[in-house]
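So in this note's numbering, spot 152 of the sequence shown is number 635, and the numbers just go up one at a time.
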Amino acid sequence: MPAHAAPNPNSQIVETARGHGKVVSLTFDDGPNPGDTPRLLSVLREHRVKAVFCLWGDFVVQHPDIVRQVAAAGHTLCNHSMHHVDMSAWSAEQIEADLLETSAAIRSAVPGARIPHFRPPFGRWGQTPTVAAQLGMQPLGCRLVVGDWETPSPGADELVRRLEAGITPGAVVLLHDGPGDRSQTVEAVDRIIPAFKAEHWRFALPARRG
484 MPAHAAPNPN
494 SQIVETARGH
504 GKVVSLTFDD
514 GPNPGDTPRL
524 LSVLREHRVK
534 AVFCLWGDFV
544 VQHPDIVRQV
554 AAAGHTLCNH
564 SMHHVDMSAW
574 SAEQIEADLL
584 ETSAAIRSAV
594 PGARIPHFRP
604 PFGRWGQTPT
614 VAAQLGMQPL
624 GCRLVVGDWE
634 TPSPGADELV
644 RRLEAGITPG
654 AVVLLHDGPG
664 DRSQTVEAVD
674 RIIPAFKAEH
684 WRFALPARRG
């Protein structure tokens, strides 16, 4: 998975968690993934944490049952484009068509689903923040990226180290539940939530604009 671009200064983009002080948001990109998303849902349920799942449209079509599991567990759904390609040079019309197709796929799995966020593939924005906002979706960025897609895999111990070293108050954290083997991410999340809670961190959804 390529490295994400630096945060965009566009004021529409939210990169902070809701609340003040030691608060953090967990977000997961590129699912649903039958190998690891259900396991991640179990971990989040055990620790009583709600997260944002940024859904890749092609996988939504392939695994609608897992999208329903995510929604039924009370997590927040995010449009992550249909085919996960760089949209930064696309026209507004192309972006709108893709986002509408992706949202339709999500709502085919979960009729009437709320999709309050959009996050572009690879963190490359282009005109996507404006188009997403016009479609009623808040552009969602991040403050902490730990590279759980890297090859060779960094491993759960290293991911935990990066999370502990990089966390800052209000951070939106970017992790991945798909595609492929994300077991190291699931293990790291299972370990980091109780560790953060022991240090009096709270888990919240991203902040809202407007």
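All C-beta atoms in this analysis are idealised placements derived from N, C-alpha and C, irrespective of residue type, glycine included. Predicted model only: the values in this text are computed from it and were never measured.
Coil, strand or helix - residue i by DSSP
| i | result |
| --- | --- |
| Gln617 | helix |
| Arg645 | helix |
| Pro622 | strand |
| Pro612 | helix |
| Ala556 | coil |
| Leu583 | helix |
| Arg685 | strand |
| Ser508 | strand |
| Pro635 | coil |
With 16 other Cβ atoms within 10 Å as the buried cut-off, status of residue i
| i | result |
| --- | --- |
| His563 | buried |
| Pro594 | exposed |
| Gln617 | exposed |
Beta carbon of residue i nearer than 9 Å to that of residue j
| i | j | result |
| --- | --- | --- |
| Arg522 | Ser636 | no |
| Lys505 | Glu682 | yes |
| Ala654 | Arg626 | yes |
| Gly502 | Ala690 | yes |
| Ile496 | Thr520 | no |
Paired residues, beta bridge with residue i - DSSP
| i | result |
| --- | --- |
| Thr499 | Ala654 |
| Leu627 | Val656 |
| His600 | Cys561 and Gln621 |
Starting from the N-terminal side, write out each stretch of the alpha helix (DSSP H) that is 4 residues or longer and does not extend beyond the region 510 to 549.
-> 520 to 530 and 540 to 545
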